[in-house]
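Using this note's numbering, read the sequence shown as starting at 1 and increasing by one per residue. Each residue gets a CB set at the ideal place from its N, CA and C atoms; glycine is no exception. Just so we're clear, the structure is a prediction, and the values are computed from it rather than from any experiment. Reviewing the structure listed below.
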Amino acid sequence: MTTSRPDTTAPVGLRVLATSALVAVAVVASTYALGSVIGPGGWTGTAVRTIVVLALVTGVSRYALERGHAARGDVLAPPAALLPSLAGLVVGLWALLGLYGGPTDRFSLLIGLSNVDRVLSRLSTARDLTLAEVAPIDPSLPIALMAVGGAVVVFLVADLMAGGLRLSAGVALPLLALWIPGLVIMGEIPPLAFVVTVAALVLLLAVDNPHRTVRRGASARRADGRAAGGLRAVGALVVAVAVAVVALGLGSASASLPEVASASWSRLFSSTGQTVRLSDDLDMRRDLAERSGEVVLRYRTDADEVGPLRVFTLTGFDGTNWRRGADRDGTPIEAADQMLWPTDPAGVEEPTSVRVTLESLRDTRLPVPTEPRTVDIDGDWSYDDVRDEVLGDQPTGAGTAYELAVFSRPLDAASLRGATGADPDDPNYLDVPATEHEQDIRDLAAAVVDGAPTRYDQALALQTYFRDVSQFTYSTEVPPGDSGDAVWDFLQDRTGYCVQFATSMTMMARTLGIPARLGVGFLPGERVDDSSFQVTGRDSHAWPELWFPGQGWVRFEPTPAQQTGPTPRWATPVAVTPGGPGDPGNVPTPGATTAAPSAPASPVPTAPGTGGPTGGAQDDGAPWLLVVGVALLLVAIAVGGALWLALRRRSETQSLRDAEDAWAELTDRLGALDVRWPTSTTPRRVPAAVVAALQARRGQHARDEDVAEAVSGLASALEAERYAPEPRTVARPDRLQELVDSAVEAVEESLSDRPARADGPSALPVG
Numbered sequence: 001m002t003t004s005r006p007d008t009t010a011p012v013g014l015r016v017l018a019t020s021a022l023v024a025v026a027v028v029a030s031t032y033a034l035g036s037v038i039g040p041g042g043w044t045g046t047a048v049r050t051i052v053v054l055a056l057v058t059g060v061s062r063y064a065l066e067r068g069h070a071a072r073g074d075v076l077a078p079p080a081a082l083l084p085s086l087a088g089l090v091v092g093l094w095a096l097l098g099l100y101g102g103p104t105d106r107f108s109l110l111i112g113l114s115n116v117d118r119v120l121s122r123l124s125t126a127r128d129l130t131l132a133e134v135a136p137i138d139p140s141l142p143i144a145l146m147a148v149g150g151a152v153v154v155f156l157v158a159d160l161m162a163g164g165l166r167l168s169a170g171v172a173l174p175l176l177a178l179w180i181p182g183l184v185i186m187g188e189i190p191p192l193a194f195v196v197t198v199a200a201l202v203l204l205l206a207v208d209n210p211h212r213t214v215r216r217g218a219s220a221r222r223a224d225g226r227a228a229g230g231l232r233a234v235g236a237l238v239v240a241v242a243v244a245v246v247a248l249g250l251g252s253a254s255a256s257l258p259e260v261a262s263a264s265w266s267r268l269f270s271s272t273g274q275t276v277r278l279s280d281d282l283d284m285r286r287d288l289a290e291r292s293g294e295v296v297l298r299y300r301t302d303a304d305e306v307g308p309l310r311v312f313t314l315t316g317f318d319g320t321n322w323r324r325g326a327d328r329d330g331t332p333i334e335a336a337d338q339m340l341w342p343t344d345p346a347g348v349e350e351p352t353s354v355r356v357t358l359e360s361l362r363d364t365r366l367p368v369p370t371e372p373r374t375v376d377i378d379g380d381w382s383y384d385d386v387r388d389e390v391l392g393d394q395p396t397g398a399g400t401a402y403e404l405a406v407f408s409r410p411l412d413a414a415s416l417r418g419a420t421g422a423d424p425d426d427p428n429y430l431d432v433p434a435t436e437h438e439q440d441i442r443d444l445a446a447a448v449v450d451g452a453p454t455r456y457d458q459a460l461a462l463q464t465y466f467r468d469v470s471q472f473t474y475s476t477e478v479p480p481g482d483s484g485d486a487v488w489d490f491l492q493d494r495t496g497y498c499v500q501f502a503t504s505m506t507m508m509a510r511t512l513g514i515p516a517r518l519g520v521g522f523l524p525g526e527r528v529d530d531s532s533f534q535v536t537g538r539d540s541h542a543w544p545e546l547w548f549p550g551q552g553w554v555r556f557e558p559t560p561a562q563q564t565g566p567t568p569r570w571a572t573p574v575a576v577t578p579g580g581p582g583d584p585g586n587v588p589t590p591g592a593t594t595a596a597p598s599a600p601a602s603p604v605p606t607a608p609g610t611g612g613p614t615g616g617a618q619d620d621g622a623p624w625l626l627v628v629g630v631a632l633l634l635v636a637i638a639v640g641g642a643l644w645l646a647l648r649r650r651s652e653t654q655s656l657r658d659a660e661d662a663w664a665e666l667t668d669r670l671g672a673l674d675v676r677w678p679t680s681t682t683p684r685r686v687p688a689a690v691v692a693a694l695q696a697r698r699g700q701h702a703r704d705e706d707v708a709e710a711v712s713g714l715a716s717a718l719e720a721e722r723y724a725p726e727p728r729t730v731a732r733p734d735r736l737q738e739l740v741d742s743a744v745e746a747v748e749e750s751l752s753d754r755p756a757r758a759d760g761p762s763a764l765p766v767g
């Protein structure tokens with residue numbers, strides 16, 4: 001047996017360039033998966049450009065080395081095969097030091113020890129930021145260095161495995177380093193990046209032929225070619241399945257771990273740095289998991305009551321989830337006495353001073369009371385008068401302090417009953433999702449407020465309806481829904497926490513023509529001494545805000561008192577008479593409304609001890625990630641099967657690379673015809689040995705010379721290739737195949753039409 005020669009230069013070049021390109025595509029796509037934990041910025045473009053440059057460096061250098069070795073008849077193997085990766089490492093280090101090692105964010109062409117010191121310092125800063133901040137983290141220079149540097153390291157490792165060591169099946173492992181942060185922290189991945197990554201891995205396995213280190217017979221090689229094609233197809237499917245399973249598994253696991261943040265209201269993000277923030281993605285079907293006990297903020301005031309501190313408001317609701325929508329630019333706050341309120345507040349009371357100091361809260365929005373106020377704070381801040389939010393460019397940190405002057409409105413039943421004027425012209429405040437139970441919700445709202453003469457009385461009736469503990473139960477576990485309308489399901493089961501109560505009142509108010517939105521923030525917290533309060537993550541809360549002309553947005557409290565305490569002073573139902581508006585005794589149960597499903601009206605609490613999401617996954621169909629995974633696997637099967645067939649045909653039709661291959665095939669095919677010669681026979685003597693073997697079986701034949709000539713042609717090509725001064729291929733593969741086929745055909749014809757032995761007695765005719 002002899003050592004195999006390398007692939008011809010054309011296939012080598014194609015394989016090398018395709019491998020480098022596919023590795024680059026997979027790493028670039030995986031880099032975008034970091035976008036779920038790092039805010040948008042120029043780091044993505046920098047990462048893409050850097051990876052493309054590295055792919056060109058490693059790909060071109062490996063292409064030159066492979067072609068040079070193939071032309072000499074050698075196989076590129078370690079340690080020479082590692083040189084392109086070493087070149088990529090040098091260029092990658094230079095790029096990172098130049099991009100992130102300079103005194104500014106400009107690229108530094110000349111690299112010195114100072115660049116190294118700055119990069120190390122910024123990496124340390126990035127580590128501290130990841131421990132102290134919440135996702136998605138601001139893409140500052142240290143964070144960008146960490147992201148781009150991670151992408152560079154992953155590319156170099158993946159390129160080494162695929163190009164240098166030709167272990168394409170292992171490329172998925174380094175890629176996981178770019179996927180795990182988003183999967184574990186946020187519980188979600190970009191679908192397009194996922195699809196592109198897996199497709200690149202499938203193609204990578206299909207285009208890279210494994211090395212063959214020993215010479216086999218032609219038939220064995222054809223079998224090996226088919227087996228290799230099958231193994232590549234199977235390997236491609238294995239990688240596709242592995243990535244899909246890891247993505248689905250980690251995504252699901254992250255949603256069930258209380259320590260890990262989820263992009264939903266039910267989890268306040270808590271990192272190892274003990275920081276929290278409120279999520280602006282509220283899910284009606286998700287259980288309320290354990291909330292952080294960390295102190296979010298402290299405040300001092302001489303007033304008896306400040307009320308909840310709102311962080312942001314939400315308007316858009318799709319039937320299950322609240323969505324914040326696009327970010328808005330506010331008006332710069334230019335003075336400490338600038339009134340922050342959507343309208344001009346009239347008749348406000350004397351201001352109350354509140355001194356707030358933030359602790360573990362990290363957000364770009366300040367917690368402020370739900371009454372008109374001024375804010376005195378250092379730095380650049382703006383005010384969004386539509387959402388009534390105070391906005392900053394950077395997240396707050398521990399120790400951030402500001403002074404509030406709160407001007408409470410003289411709200412009471414009389415002023416709210418007599419409110420007149422125009423409503424906001426935004427139709428979103430009246431939008432109700434078009435679900436199968438929209439009319440049922442409208443009918444129930446009308447029944448609850450039946451007879452209420454004013455907007456205030458209607459709001460009070462809704463609030464009283466929800467706070468009736470004989471009708472509704474506060475629970476952190478949400479029963480599984482029975483329909484596609486989460487609000488209707490809550491009105492059926494009557495069990496939930498603040499998100500369910502506040503959302504349902506907001507939607508029912510909208511059905512009555514009352515503009516309504518959701519406020520999200522914190523309850524007043526716990527009194528520490530006469531003038532000090534502290535608020536923890538467990539005080540996070542949501543409530544409805546209804547619009548009253550001339551007064552603005554007014555908070556109501558439908559969540560039961562066991563969680564929220566008393567209602568606002570202007571919303572205490574002291575004047576409700578039995579049998580009148582707001583009396584639950586006159587309100588029909590949801591199950592009694594027209595076309596309502598026959599669900600029990602009594603509370604149906606879930607079994608204790610259950611945790612994690614429990615609603616939408618059972619009724620809304622398969623999660624989108626599972627659908628994407630299944631579809632991707634089907635595509636992988638189709639692509640892998642097609643590539644397998646193509647490679648199988650190629651292995652069968654283009655299996656000859658040189659005269660050695662052709663000679664081995666001739667030996668096998670003639671051996672199958674029982675025509676053999678001693679292994680010690682030189683190629684030059686094989687034609688005579690073949691003719692002698694044939695004559696021993698059937699005597700002399702007119703085609704003996706044709707057989708000898710056909711075999712001699714291939715023997716001459718083999719001698720020329722074996723004994724040339726430098727290893728080279730002297731005939732094209734198609735010409736070698738013709739010589740093999742001609743020799744075998746001549747032998748077959750000479751055996752199929754054999755005459756009588758010339759030196760033996762003539763056969764006697766019969767008859």
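Using alpha carbons as the reference points, say which of the options lies closest to residue i.
{"i": "Y429", "options": "E721, P683, R685, D318", "result": "D318"}
{"i": "Q394", "options": "D159, D668, L361", "result": "L361"}
{"i": "L739", "options": "A692, D159, R676, L666", "result": "L666"}
{"i": "S85", "options": "A21, G163, R698, T301", "result": "G163"}
{"i": "M339", "options": "S20, S382, R285", "result": "S382"}
{"i": "G379", "options": "L93, L366, D412, G484", "result": "L366"}
{"i": "G330", "options": "V390, D706, S121, G170", "result": "V390"}
{"i": "A289", "options": "G397, S168, T476, V157", "result": "T476"}
Where residue i and residue j are concerned, what is the direct C-alpha to C-alpha distance, given to the nearest angstrom?
{"i": "T435", "j": "L14", "result": "55 Å"}
{"i": "P351", "j": "S408", "result": "7 Å"}
{"i": "P78", "j": "L17", "result": "19 Å"}
{"i": "D674", "j": "A717", "result": "24 Å"}
{"i": "Q180", "j": "V154", "result": "Here residue 180 is Ile; the residue named in the question, Gln, does not match the sequence. Roughly 13 Å between the two C-alpha positions."}
{"i": "G112", "j": "P342", "result": "55 Å"}
{"i": "G496", "j": "L546", "result": "21 Å"}
{"i": "S20", "j": "Y63", "result": "10 Å"}
{"i": "D825", "j": "R298", "result": "With the chain covering only 1 through 767, there is no way to say anything about residue 825."}
{"i": "I771", "j": "P424", "result": "The structure shown has nothing for residue 771, since the chain only spans 1 to 767."}
{"i": "D539", "j": "P524", "result": "8 Å"}
{"i": "G98", "j": "R373", "result": "48 Å"}
{"i": "F472", "j": "D138", "result": "42 Å"}
Please classify residue i: does DSSP put it in a helix, a strand, or coil?
{"i": "F107", "result": "coil"}
{"i": "I189", "result": "coil"}
{"i": "V306", "result": "coil"}
{"i": "G768", "result": "Residue 768 falls outside the range modelled here, since the chain spans only 1 to 767, and no answer is possible."}
{"i": "S540", "result": "strand"}
{"i": "Y456", "result": "helix"}
{"i": "Y383", "result": "strand"}
{"i": "V528", "result": "coil"}
{"i": "R15", "result": "helix"}
{"i": "E389", "result": "strand"}
{"i": "L666", "result": "helix"}
{"i": "F317", "result": "strand"}
{"i": "T44", "result": "helix"}
{"i": "R648", "result": "Confidence in R648 is poor, its pLDDT being 49 and thus under 50, which makes the residue's placement too unreliable to answer from."}
{"i": "G217", "result": "Only weak support is given to the placement of G217: the predicted model assigns it a pLDDT of 41, under 50, and the question is left unresolved by the model."}
{"i": "V747", "result": "helix"}
{"i": "A422", "result": "coil"}
{"i": "F533", "result": "strand"}
To the nearest whole angstrom, what separates the beta carbons of residue i and residue j, a pair I think is in contact under 8 Å?
{"i": "P136", "j": "G39", "result": "5 Å"}
{"i": "V448", "j": "V406", "result": "Not quite, the Cβ-Cβ distance comes to about 33 Å (not below 8 Å), so this is no contact."}
{"i": "V171", "j": "L203", "result": "Not quite, the Cβ-Cβ distance comes to about 11 Å (not below 8 Å), so this is no contact."}
Check this for me: beta carbons of residue i and residue j, under 9 Å apart or not?
{"i": "T301", "j": "F522", "result": "no"}
{"i": "L512", "j": "A571", "result": "no"}
{"i": "M146", "j": "R166", "result": "no"}
Taking 9 Å as the CB-CB cut-off, is residue i touching chain C?
{"i": "L444", "result": "This model lacks chain C altogether, as it is built from one protein chain only."}
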